Amino acid sequence: MLEARPDCSPWRQSPGHTGKALPHRHPLANPGRSALSRVFDCRRVRVPRINRQYRPQVFGLLQSAITSAIAALIANPKGMALGPFMLSWSTTWLLTWLSMIPVVLLAAPYVRRLTDLIVQRED
Numbered sequence: 001m002l003e004a005r006p007d008c009s010p011w012r013q014s015p016g017h018t019g020k021a022l023p024h025r026h027p028l029a030n031p032g033r034s035a036l037s038r039v040f041d042c043r044r045v046r047v048p049r050i051n052r053q054y055r056p057q058v059f060g061l062l063q064s065a066i067t068s069a070i071a072a073l074i075a076n077p078k079g080m081a082l083g084p085f086m087l088s089w090s091t092t093w094l095l096t097w098l099s100m101i102p103v104v105l106l107a108a109p110y111v112r113r114l115t116d117l118i119v120q121r122e123d
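Quick note on UniProt numbering: the sequence shown kicks off at 1 and runs consecutively.
And the structure:
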């Protein structure tokens, strides 16, 4: 069952108020939470979440998708019509991303260890 979130309501009661509902700032303007979490909460949609233990792998998948999309955009020929360009870019991106997923996921633990050797600890 979906539940309504109180911070997504367009009205709120202020302390000591007479009972009239007051409009408040839009829920996306809440500075205490990330924009993405506010959007999902305010749509009152339960997003299925992946177990926390897979966080590094999900990060690697998303990071490699974004990086390969930008690399494919740069590598594609310029001056093409939009349709052929999008087809060329999407196939280049998919091929690049599928080839980078294993590299990113296998290299991540070693990159993390190397980073720990280079960066100073918070002791």
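Every residue gets a Cβ at the ideal spot worked out from N, C-alpha and C, and that includes glycine.
Owing to the predicted nature of the structure, the values given are computational and were not obtained by experimental measurement.
With three or more beta-carbon pairs closer than 8 Å as the criterion, would you say the segment 71-82 touches the segment 48-61?
no
Comparing C-alpha positions only, which one of A108, S68, V58 sits nearest to W97?
As a working mapping, residue 97 is identified with position 97 in the sequence shown. Out of A108, S68, V58, S68 has the C-alpha closest to the C-alpha of W97.
For G60, collect the residues of the same chain with a Cβ closer than 8 Å to its Cβ; drop the 5 residues on either side in sequence, then sort them by chain order.
Within the sequence shown, the letter at position 60 stands for residue 60. Answer for G60: I101, V104, L105, A108, listed in chain order.
Element boundaries [alpha helix (DSSP H), containing Y110]
As a first step, residue 110 must be located in the sequence shown, where it is residue number 110. From DSSP, the alpha helix (DSSP H) with Y110 extends over 82-118.
So for I74, helix, strand or coil by DSSP?
The sequence position of residue 74 within the sequence shown is 74, counting from 1. Shown here, I74 sits in a helix according to DSSP, grouped into three states.
L65 vs T92 beta-carbon contact at 8 Å
Position 65 of the sequence shown holds residue 65. Position 92 of the sequence shown holds residue 92. Per the sequence shown, the amino acid found at residue 65 is Ala instead of Leu. No; because the gap between Cβ atoms is not below 8 Å, this pair is not in contact.
Cα-Cα separation, R55 to L62
Mapped onto the sequence shown, residue 55 falls at position 55. Mapped onto the sequence shown, residue 62 falls at position 62. Taking the straight line from one Cα to the other gives about 11 Å.
May I have the straight-line CA-CA distance separating W89 from R121, to the nearest angstrom?
Numbered from its first residue, the sequence shown carries residue 89 at position 89. Numbered from its first residue, the sequence shown carries residue 121 at position 121. Their backbone Cα atoms lie some 41 Å apart in a straight line.
As assigned by DSSP and simplified to three states, the class of P48
Your numbering for residue 48 matches position 48 in the sequence shown. If DSSP states are grouped into helix, strand and coil, P48 belongs with coil.
Would you report the Cα separation of R113 and V119, rounded to the nearest angstrom?
Against the sequence shown, residue 113 aligns to sequence position 113. Against the sequence shown, residue 119 aligns to sequence position 119. Approximately 10 Å, taken between the alpha carbons.
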